[in-house]
Structures are given as structure tokens and as C-alpha cells.
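**Student:** If you scroll down you'll find the structure; I have some questions about it.
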């Protein structure tokens, strides 16, 4: 691996961004996990609603 000074601008930017992301995940993982759970619950409930609407329309068509 080359030294940091020898890297191009894009490579340096990518390394800095990944380090920042790792730090952000390390500090905010609890919040991220709870938000992801909330988001998944909302998504799951809307999926259930869509499925129930589909079954209703199928039942009314027959």
C-alpha cells in the first residue's frame, strides 16, 4: 500500500469519508438501529395494508 501523501485526491476523499462513516456508526449505532426498527415496522405495516387491500379487491371482483 502506498503512503497517504502519494494517493490521489479522490482516493484521499474516499478514505476520509469511510473513516467518518465508521466514526458516525460507532457513535450513532444505537439510534440508527432504533430508527431502522421503526422504519421497518412502518414499512411492514404498510405492506400488510397493501396485502389486505389486494385481498379485498380480489374478494369483491368474484
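In my numbering, the protein residues as written are 133 to 194. Ideal Cβ placement from N, Cα and C applies to all residues, glycine included.
#1: Any idea what DSSP makes of residue 166, helix, strand or coil?
#2: If you reduce the DSSP assignment to three classes, tell me which class residue 140 lands in.
#3: Using the C-alpha atoms, what's the distance from residue 142 back to residue 168?
**Tutor:** Well, looking at it:
#1: Indexing the chain shown from 1 puts residue 166 at position 34. Three-state result, residue 166: helix.
#2: Here residue 140 is taken as the residue at index 8 of the chain shown, counted from 1. Reduced to three states, the DSSP call for residue 140 is coil.
#3: Taking the chain shown and counting its residues from 1, the one referred to as residue 168 is at position 36. Taking the chain shown and counting its residues from 1, the one referred to as residue 142 is at position 10. Distance between the alpha carbons of residue 168 and residue 142 is about 31 Å.
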